[in-house]
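Asks: First the structure, which I've put down as structure tokens, then a few questions once you've had a look.
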Amino acid sequence: MTGRLPFDPDRIKRGKRAGPGGEQPPGSVAPPQHADAAQVWTVSQLAARIDTAVKVGVPGRVRVVGEISNVSNRTHWYFSLKDEGAVISAVLFASSARRCSVSPAQGDRVIAHGRLDFYAPGGRISLIVDQLEAVGQGSLERELKARVDLLRERGWLDPGVKSPLPDMPRRIAVITSKEGAAVHDVIDTARRRCPMVGLLLIDVRVQGPHAAKEVAEAIRLISDHAEEFGVDAVLVTRGGGSLEDLWAFNEMVVAEAIHDAEIPIVAAIGHETDVTVAELVADERAATPTQAAMRLIPDAVALEEQLTAIQNTMRAEVRAAVRNAREILTQIARRPALRDPARGVAVHRSRLESVTKSLVAAIRERVRHAERRLHRVSTTIERARPAAVHARREEALRGMSARLQRSARTRLAQAQNAIDALHRELHAVGPQQVLARGYSVTTLPDGTLIREPSQVSDGDELVTRLAAGRLRSRVIGWPGRSQGPSIQGSDAAPPPPRRGRPKAASDRSQMDLF
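In our numbering, the protein residues as written are 1333 to 1846.
As structure tokens, then:
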């Protein structure tokens, strides 16, 4: 990267005006040292020699692979074929285009079949194409669209991430080529609008394989040393050109430098119809270098007019404030209290005495009212005699206690009588009382209650419970005898001790005994 710090526009213009005997202007080509100075050729003769050299040095037909750009279609197709290092003009005539399966499209990568031709009236060499063969996508426009989509997904194009431009910058860093027309447009605009705003030129290449790196480094340099250089904004610009010429400003390294910058950046690349990644990522885009300078540099004439208007407004407001203050002061000075203070004091003293008398009378009336109320309350308390009231309430309490005790004893006796009656009824219907009246209960040894003859068979052992003990018996001759079964029994004797608890009919009611 090369640059002049601080920027000196006069030095650039002096360099471009270097004349005979001066320094060789940049970009000029010195005549060949080996040329025969005695021979003078006409332009036509030289053109014929070039045409011959082209036809002799290059085979009749060639196949050239490259990327299409600068497409123009009127009757015939005019375009350029380019790669990383060179560009050549090409023509596809309408008669040949009708036979081609591929039409030239901006950014497409193709193999062009044809021959070289030198067009003497225009002084240019062109490739006369008669056939086009597509070679993949390879499109600069597709690549540009993909990059724009990527940056949009990252949020770099959102208005919310843009920085506001300064209203009155001290100095503006202009990143461009010192040899281009853009820098002169910016200089002229700055001098015309506001000469007080300084310009700092950072000279970089704006075209070619190294241009993107130089532009990105210049942006980072200014962003990192903005306070040191006294720079408040950056202007990145260059003149118009083809998509290939402007491609350096579509590189991601430039977009990243602009996005990471801590200083506002305005970009104006190419013409108004050209759109680059740098312009989309920048804080503001301008159509031309002049418009970009106008966005950053305030108009001194307009500022002076605004300042004059503000001064006039402030003067008018101050005059109005002074006038109002005088009127208020005049009104205050006309008040009677200020013209005759003693009279004003006398009026207020009389009013104070009247208010004092009213206040004293009101206080005395409040005291008398309180005394009367206190007397009434004392009389009421004396009549109430708290000791007598307490005695009456204590006597009533004793009466209520006696009645409560009598009622409780009566209710308790009634409950005891009811319990005794229920006990007698329960005792009368109990199983033991039923057995005492001559009834018995017959069961199997396992405790199963016998209700029907069909529950036993010949040889079954039975247990009969009586009021005073148990009988054990055995069924003989059942079934088969009309007389019914005969039972061999033993005298009533207590049953032998049980080895285990027999199965009791616990789930049956006591009424089963009857």
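Ideal Cβ placement from N, Cα and C applies to all residues, glycine included. Everything numeric in this text was worked out from a predicted model, so none of it was measured.
(1) Output the distance between the C-alpha atoms of R1393 and R1570, rounded to the nearest integer angstrom.
(2) Spatial neighbours of Q1764 within its chain, please: CB distance less than 8 Å, with the 5 preceding and 5 following residues excluded, ordered by chain position.
(3) Would P1436 and I1400 qualify as a contact pair, given that the criterion is a beta-carbon distance under 7 Å?
(4) Report the CB separation of V1598 from L1497 in whole angstroms; it is logged as a contact under 8 Å.
(5) Roughly how many angstroms lie between the CA atoms of E1475 and M1584, to the nearest whole one?
(6) Report the rounded CA-to-CA distance for L1803 versus A1768, giving the unit in angstroms.
(7) Excluding sequence positions up to five away, which residues of its chain have a Cβ less than 6 Å from the Cβ of V1461?
(8) When we look at the beta-carbon of E1703 and count the other beta-carbons within 10 Å, is it buried (16 or more) or exposed?
(9) Is the stretch 1605 to 1625 in contact with the stretch 1577 to 1597, if contact means three or more CB pairs nearer than 8 Å?
(10) Am I right that L1464 and V1434 are in contact with their C-beta atoms under 8 Å? What's the rounded C-beta distance?
(11) Check each candidate in T1608, A1558, A1587 and V1586 and name the one with the smallest Cα separation from L1578.
(12) Taking the continuous alpha helix (DSSP H) assigned at K1312, which residues delimit it?
(13) In whole angstroms, give me the CA-to-CA distance for A1426 and A1466.
(14) Comparing the C-beta of A1548 with each C-beta of chain D, is any distance below 7 Å?
(15) So the beta strand (DSSP E) V1807 belongs to, where does it begin and stop?
(16) Within a Cβ cutoff of 8 Å, which residues of the same chain sit near E1697, ignoring the five residues on either side of it in sequence?
(17) Could you check the C-alpha separation between T1508 and I1601 for me, to the nearest Å?
(18) For D1449, report the span of its beta strand (DSSP E) as first-last.
(19) Taking all protein chains shown into account, decide if A1589 is buried (16 or more other Cβ within 10 angstroms of its Cβ) or exposed.
(20) In chain order, what residues of the same chain lie with their CB nearer than 8 Å to the CB of R1705, ignoring the 5 residues before and after it?
(21) Along the alpha helix (DSSP H) that carries L1273, what are the first and last residues, could you check?
(22) Under a three-way DSSP split, which group does I1595 fall into?
(23) Let's see if you can read the secondary structure: which residues bound the alpha helix (DSSP H) around Q1663?
(24) Buried or exposed for N1582, please, with buried defined as at least 16 other CB atoms from any protein chain shown within 10 angstroms of its CB.
(25) Closer than 8 Å is the cut-off here; do at least three beta carbon pairs connect the stretch 1547 to 1557 with the stretch 1510 to 1525?
(26) If you run the structure through DSSP and keep just helix, strand and coil, what is T1323?
(27) So, for T1640: in the same chain, excluding its five sequence neighbours on each side, which residues have a beta-carbon less than 6 Å away from its beta-carbon?
Replies: With the structure as the only source:
(1) Residue mapping note: residue 1393 aligns to position 61 of the sequence shown, counting from 1. Residue mapping note: residue 1570 aligns to position 238 of the sequence shown, counting from 1. Rounded to the nearest angstrom, the gap between the Cα atoms of R1393 and R1570 is 39 Å.
(2) For this step, residue 1764 is matched to residue 432 along the sequence shown. For Q1764, where only same-chain residues beyond five positions count, the Cβ hits under 8 Å are A1799.
(3) Taking the first residue of the sequence shown as 1, we reach residue 1436 at position 104. Taking the first residue of the sequence shown as 1, we reach residue 1400 at position 68. Yes, the pair counts as a contact, with Cβ atoms nearer than the cut-off.
(4) For the purposes of this step, residue 1598 is taken as residue 266 along the sequence shown, with counting starting at 1. For the purposes of this step, residue 1497 is taken as residue 165 along the sequence shown, with counting starting at 1. Indeed, because the Cβ distance is near 7 Å, the residues count as touching under 8 Å.
(5) For the purposes of this step, residue 1475 is taken as the residue at position 143 of the sequence shown. For the purposes of this step, residue 1584 is taken as the residue at position 252 of the sequence shown. Roughly 11 Å between the two C-alpha positions.
(6) What you label residue 1803 is simply residue 471 of the sequence shown in a count that begins at 1. What you label residue 1768 is simply residue 436 of the sequence shown in a count that begins at 1. Rounded to the nearest angstrom, the two C-alpha atoms are 15 Å apart.
(7) Numbered from its first residue, the sequence shown carries residue 1461 at position 129. Closer than 6 Å at Cβ, skipping near neighbours: A1422, L1424, A1444 and G1446.
(8) Here the question's residue 1703 lines up with position 371 in the sequence shown. When all chains shown are included, E1703 counts as exposed.
(9) The count of Cβ pairs closer than 8 Å, one atom from the stretch 1605 to 1625 and one from the stretch 1577 to 1597, reaches three, so the stretches are in contact.
(10) Position 132 of the sequence shown, counted from the first residue, corresponds to residue 1464. Position 102 of the sequence shown, counted from the first residue, corresponds to residue 1434. Contact flag correct, Cβ pair sits at about 4 Å.
(11) Here residue 1578 corresponds to residue number 246 of the sequence shown, with the count starting at 1. Ranking the options by Cα distance to L1578, first place goes to T1608.
(12) The question about residue 1312 has no answer, for the chain in this structure spans 1333 to 1846.
(13) For this step, residue 1426 is matched to residue 94 along the sequence shown. For this step, residue 1466 is matched to residue 134 along the sequence shown. Answer to the nearest angstrom: the Cα atoms are 18 Å apart.
(14) Although the question refers to chain D, the structure presented lacks it and comprises just one protein chain.
(15) If you number the sequence shown from 1, residue 1807 lands on position 475. First-last of the beta strand (DSSP E) with V1807: R1802 to I1808.
(16) Within the sequence shown, numbered from 1, the residue matching residue 1697 stands at position 365. Once the five neighbours on either side are set aside, E1697 has no close Cβ partner at all.
(17) In the sequence shown, counting from the first residue as 1, residue 1508 sits at position 176. In the sequence shown, counting from the first residue as 1, residue 1601 sits at position 269. I1601 has its alpha-carbon roughly 10 Å from the corresponding atom of T1508.
(18) As a working note, residue 1449 is residue 117 in the sequence shown. R1441 to Y1451 is the span of the beta strand (DSSP E), which, as asked, contains D1449.
(19) Numbered from 1 along the sequence shown, position 257 holds the residue referred to as residue 1589. Buried, because 16 or more other Cβ atoms sit within 10 Å of the Cβ of A1589.
(20) In the sequence shown, the residue the question calls residue 1705 occupies position 373. Here the set comprises nothing.
(21) In this structure the chain extends from 1333 to 1846, so residue 1273 is not present and cannot be described.
(22) Within the sequence shown, numbered from 1, the residue matching residue 1595 stands at position 263. In this structure, I1595 counts as coil in the three-state DSSP scheme.
(23) As a working mapping, residue 1663 is identified with position 331 in the sequence shown. Q1663 -> alpha helix (DSSP H) spans A1632 to A1665.
(24) For this step, residue 1582 is matched to residue 250 along the sequence shown. Taking all protein chains shown into account, N1582 has 16 or more neighbouring C-beta atoms within 10 Å of its C-beta and is therefore buried.
(25) The stretch 1547 to 1557 vs the stretch 1510 to 1525: no contact.
(26) Residue 1323 cannot be examined here, being either before or after the span of the chain that is shown, 1333 to 1846.
(27) Working through the sequence shown from its first residue, we reach residue 1640 at position 308. Cβ contact annotation for T1640 (same chain, cutoff 6 Å, sequence separation greater than five): none.
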